[in-house]
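Here the structure is laid out as structure tokens; the discussion comes afterwards.
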Ligand SMILES: [Cu+2]
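In the working numbering, the protein residues as written are 70 to 570.
As structure tokens, then:
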């Protein structure tokens, strides 16, 4: 192909001239849509003369009444996404339609080994049931409500007939307790989308009724192919220590931050080979917080939003992608640096586990007197924060209430605590892997490639005096006498020649 086509143009050609004849069998078309044209992506429509390109396209997928293409099958027509700590929802094909059964129900959910709560979820999982489908196919989703209250499901970012949009009371009646509703439409787009309850959202989404909805392109361009395609839903919870249910009334102080419903160290690592092409599909359906998701040792490109694919010329590089509430972001990278690389939210309060924030800043204070006063009333009382949140130490000495976890992360390869929890996971990149499904353990660093305690010989060689006063003179080295601060006079600035007086 001499001309470079965009992904949408390739899809257009695929739908118009290739589909059915080349890569897809014609078997199994529903007969109720025979009068309509076969599904074509929006950009395949005739272009208007002049004007700007964004007025030439449809913003809702084009005509609704299109004939669906045959259902796409995993391994044959698409490479399934990897759902760490979760799974794709099973389906069956009935009369050419892909049929799913989504069940909203109470789930006894483990955020980590030490913290469980009665949450609400889909099909036995919390935040980690993914619906996976293929552009152009017709899907039918039965939603069974096993909750004690009415619900509905909204398909977030997806083009569909208005009555399938899932806004309880507005576009459909409630799905009452015990009822099963039927949603059905033809997918006229691809991308990373989401689904969630759209009734009493604050309660129901806060209890866990959210998930990712991944639609693969019909005839993917070569640049769509990746070796690892991860689906990661981030969210936030308030689970007070010792309680059995999330507090969905919380507005500010979320203390359990999750990826696919898990906090680190229970988040499964993202296992990759050196040189793998990797896509991370990030979605955020938390209540209040946007999450800047940050990768170490690499950069990634932002390649798609839940609006559409970003053309190559408009993609941008980041090491941190902000995923706001209600957004998805696809980011792609080549994991070409072996190691154990942190991937986490960069809001420091979001990489803590079960952190309460009602503490004054105690850094540098001696709390001995305070503790003596309080201990007769609260024997387990320990003032926190005077040396920072030294979570490793706290984990060892602090007695916990029932059903709570420490703020710590986990013991790492050097015996020290990794002092992060919550929205944190590890991208494990290895030259050789037995299996993607097996945690390869800690990275074995080559000699001389770890930041270790500097030796006296090294310090002497490079003329580093560790007792040297720091540049400001305000701080002195341990054990040395306090010196008067150096009086630093501001250097007079030359007059700005461009300034008129
Ligand atoms: Cu965050």
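Positions of the beta carbon are idealized from the N, C-alpha and C atoms, including for glycine.
Only a predicted model underlies this, so the values are computations on that prediction, with no experimental measurement involved.
With contact defined as three or more Cβ pairs closer than 8 Å, the segment 160 to 174 and the segment 203 to 215 are in contact. In this structure, residue 170 sits away from residue 227, with a CB-CB distance that is not shorter than 9 Å. Secondary structure note for residue 443: its alpha helix (DSSP H) is the uninterrupted segment 437 to 443. In the same chain as residue 379, and ignoring 5 residues on each side of it, the C-beta atoms closer than 7 Å to its own belong to 371, 372 and 373, in chain order. Going by DSSP, residue 297 is part of no alpha helix (DSSP H) but of the beta strand (DSSP E) stretching over 297 to 306. For residue 158 against residue 199, the beta-carbon gap comes to about 7 Å, under 8 Å, which counts as contact.
Assignment of beta-bridge partners to residue 263 by DSSP yields 225 and 281.
The three-state reading of DSSP puts residue 392 in strand, counting E and B together.
Here the alpha carbon of residue 193 sits roughly 16 Å from the alpha carbon of residue 264. Residue 293 is classed as buried because its beta carbon has at least 16 other beta carbons within 10 Å across all chains shown.
Put simply, the backbone Cα of residue 317 is about 5 Å away from that of residue 272.
Secondary structure at residue 361: strand, using DSSP grouped into helix, strand and coil.
By the CB criterion at 9 Å, residue 422 and residue 311 fall outside the cutoff.
Closer than 8 Å to some heavy atom of ligand 1: that does not describe the Cβ of residue 322.
Not a single heavy atom of ligand 1 lies less than 8 Å from the C-beta of residue 292.
If you ignore the 5 residues before and after residue 406, its C-beta comes within less than 8 Å of the C-beta of 343, 366, 367 and 498, all in its own chain and listed in chain order. Looking at the DSSP output, residue 290 shares a beta bridge with no other residue. Distance from the C-beta of residue 400 to the nearest heavy atom of ligand 1 is not below 8 Å. Residue side-chain check: residue 303 places its Cβ nearer than 8 Å to a non-hydrogen atom of ligand 1.
Contact annotation: the segment 326 to 343 touches the segment 176 to 195, with at least three C-beta pairs closer than 8 Å. Not a single heavy atom of ligand 1 lies less than 8 Å from the C-beta of residue 188.
When secondary structure is reduced to three states using DSSP, residue 123 falls in the helix class. Counting only the Cα atoms, residue 279 lies some 12 Å from residue 394. DSSP places residue 253 outside any alpha helix (DSSP H); the residue lies instead in the beta strand (DSSP E), whose first and last residues are 249 to 255. Measuring C-alpha to C-alpha distances from residue 504 to each of 296, 340 and 257 identifies 340 as the nearest. Approximately 20 Å separates the beta-carbon atoms of residue 496 and residue 385; this is outside 8 Å, ruling out the contact. Within 10 angstroms of the beta-carbon of residue 402 lie 16 or more other beta-carbons, which makes it buried. With distances taken between CA atoms, residue 138 lies nearest to 202 out of 446, 160, 184 and 202. Straight across, the Cα-Cα distance linking residue 276 with residue 269 is about 11 Å.
In the structure shown, residue 353 adopts extended strand secondary structure according to DSSP, grouped into three states. In this structure residue 392 is not in contact with residue 489, their Cβ atoms being roughly 18 Å apart against a cut-off of 8 Å. Distances taken from the Cβ of residue 358 to the heavy atoms of ligand 1 include one shorter than 8 Å. Rounded to the nearest angstrom, the Cβ distance from residue 212 to residue 249 is 7 Å, consistent with a contact under 8 Å. By a beta-carbon distance limit of 8 Å, residue 388 does not contact residue 360. Their separation comes to about 14 Å. With 16 or more other Cβ atoms from the protein chains shown falling within 10 Å of its own Cβ, residue 262 counts as buried.
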